[in-house]
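Comments concern the structure below.
Residue numbers (this note's numbering): 5 to 238.
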């Protein structure tokens with residue numbers, strides 16, 4: 005059974021999150037692996053270096069949009085809009101957005117002044133610099149958290165973010181791994197990917213059997229570990 009948003013077992017969330025890199029590669033999209041490394045590693049590092057007034061450049065915005073579209077549905081018009089924005093307007097809007105954190109409403113509003121940047125793209129920008137506050141508004145996580153509702157509005161994003169923040173606190177209090185809302189978004193994305201077949205770069209279809217087998221082994225190992233602990237208590 006795949007991960008459900010209502011799951012309260014931190015170990016299950018952690019196992020699902022561990023599959024993220026494998027699932028990104030399994031999608032078979034030529035540029036996604038490099039874009040994902042940029043988004044999850046290089047860009048956050050750059051934003052930390054720019055503190056106390058972090059911002060993104062116009063080139064970085066284009067890469068964020070490319071990452072978002074590669075990991076989800078391809079919408080070429082959004083990329084065209086992002087490419088047309090000037091360095092000055094992107095820097096100004098993103099600096100205002102990051103300075104507004106943790107006020108997500110103000111942060112999203114600052115970024116959506118940019119042409120072609122809606123709440124979902126704005127959330128991707130914020131998640132790169134403030135992952136413990138602002139989760140990315142992915143299709144897959146939205147559907148899991150809001151029960152199938154996929155309305156890309158500020159109101160829905162604030163509800164989505166609040167629920168993931170609360171869930172992250174709940175799981176972290178239970179002990180073990182400390183979760184942030186962005187961790188949970190990625191875990192839910194992984195769960196959705198494991199439920200479907202994806203096309204590889206040659207155009208054929210394959211099931212994510214290798215990942216599913218690895219997850220099954222992890223679950224089995226966890227069960228054995230729990231059984232040993234129970235025997236010791238007995």
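Just so it is clear, CB atoms sit at the ideal spot from N, CA and C, and this is done for glycine as well.
No experiment lies behind these values; they were computed from the predicted model shown.
Among the options, whose alpha-carbon lies nearest the alpha-carbon of residue i?
i: residue 127; options: 120, 137 and 141; result: 141
i: residue 157; options: 195, 196 and 109; result: 109
i: residue 112; options: 70, 162, 152 and 154; result: 162
i: residue 240; options: 139, 103, 82 and 143; result: Outside the shown range of the chain (5 to 238) lies residue 240, about which nothing can therefore be said.
i: residue 13; options: 200, 171 and 31; result: 171
i: residue 75; options: 41, 52, 51 and 50; result: 41
i: residue 50; options: 25, 134, 7 and 36; result: 134
Leaving out five residues on either side along the sequence, give the residues of the same chain with a beta carbon under 8 Å from the beta carbon of residue i.
i: residue 54; result: none
i: residue 99; result: 57, 58 and 59
i: residue 241; result: Residue 241 lies beyond the stretch modelled for the chain, which goes from 5 to 238, so this question has no answer here.
i: residue 213; result: For residue 213, the predicted model reports a pLDDT of 41, less than 50, meaning its position is unreliable; a value from the coordinates is still stated below. So the list is empty, once near-sequence residues are dropped.
Below 7 Å between beta carbons: does that hold for residue i and residue j?
i: residue 47; j: residue 165; result: no
i: residue 191; j: residue 17; result: yes
i: residue 168; j: residue 188; result: yes
i: residue 97; j: residue 66; result: no
i: residue 105; j: residue 137; result: yes
i: residue 185; j: residue 139; result: yes
Are the C-beta of residue i and some C-beta of chain D separated by less than 7 Å?
i: residue 135; result: Within the model displayed, chain D is absent; a lone protein chain is all it includes.
Rounded to a whole number of angstroms, what is the C-alpha to C-alpha distance between residue i and residue j?
i: residue 73; j: residue 80; result: 8 Å
i: residue 77; j: residue 56; result: 34 Å
i: residue 121; j: residue 182; result: 31 Å
i: residue 197; j: residue 89; result: 32 Å
i: residue 193; j: residue 43; result: 16 Å
i: residue 114; j: residue 101; result: 5 Å
i: residue 39; j: residue 107; result: 28 Å
i: residue 173; j: residue 195; result: 20 Å
i: residue 199; j: residue 159; result: 28 Å
i: residue 129; j: residue 103; result: 13 Å
i: residue 175; j: residue 116; result: 32 Å
i: residue 27; j: residue 37; result: 10 Å
i: residue 125; j: residue 84; result: 14 Å
i: residue 25; j: residue 52; result: 23 Å
i: residue 11; j: residue 22; result: 16 Å
Can you find the residues in the same chain that come closer than 6 Å, C-beta to C-beta, to residue i, ignoring five residues on each side of it along the sequence?
i: residue 9; result: 148 and 149
i: residue 178; result: 14
i: residue 70; result: 39
i: residue 152; result: none
Once you ignore the five residues that flank residue i on each side, which residues in its own chain have a CB closer than 7 Å to its CB?
i: residue 154; result: 143, 146 and 147
i: residue 6; result: 195, 198 and 199
i: residue 29; result: 37
Worksheet item: Touch check for the segment 88-99 and the segment 60-68: three-plus C-beta pairs under 8 Å?
Response: yes
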